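In terms of our numbering, the sequence shown is residues 113 to 235.
Glycine is no exception: its CB is placed at the ideal position from the N, C-alpha and C atoms.
If you're wondering where the values come from, they're calculated on a predicted model, not measured in any experiment.
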Amino acid sequence: SHLSPTSPIQEADESEADDNIFISSRENGTMCMKPVLLSDGLEQVVVVDVDCGKYHCAVVGDLGDVYTWGSNIAGQCGAGSPTVSKPLKVRNMNRSAAASRVVCGSSDTYVCAHTCKLFEYKT
């Protein structure tokens, strides 16, 4: 495999397909055509929704938490750094507004909360 041993992703096994999230990505400039298991940061999360933008991804866990990773150049991951290398729990979500859906644009992320509030991550 062309993935580094410290990478948070590993090659997918067909038996894992029903219970896990798989991504295709670039590693050292090489496109990884075989889907790989995203295994760092979401081990204890039951994912209920997932979406991907042009350069970032987001998931919603069953407890209403939102996790994002990828490019954060426009603030679409809701983090302070320009890149989020592994799923990061978004900390500025209103705890009384648990998320139910997430939609990623090319440079923004929209979260629909159970309270019918809409949150946007973008600078």
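Sequence-distant residues of its chain with Cβ nearer than 6 Å to residue i (five each side left out)
i, result
"residue 176", "210, 211"
"residue 161", "172, 213, 214"
"residue 165", "216, 217, 218"
"residue 153", "198, 199"
"residue 201", "177, 179"
Whole-angstrom distance between residue j and residue i, CA atom to CA atom
i, j, result
"residue 190", "residue 178", "10 Å"
"residue 185", "residue 158", "28 Å"
"residue 182", "residue 223", "17 Å"
"residue 196", "residue 169", "10 Å"
"residue 192", "residue 203", "11 Å"
"residue 174", "residue 150", "18 Å"
Counted within 10 angstroms of its Cβ, other Cβ atoms place residue i as buried (16 or more) or exposed
i, result
"residue 58", "Residue 58 cannot be examined here, being either before or after the span of the chain that is shown, 113 to 235."
"residue 226", "exposed"
Beta-bridge pairing of residue i - partner residues as DSSP gives them
i, result
"residue 163", "170"
"residue 178", "172"
Inside the stretch 183-226 only - beta strand (DSSP E) runs reaching at least 3 residues: Qualifying beta strand (DSSP E) stretches, in chain order: 195-201, 211-216, 221-225.
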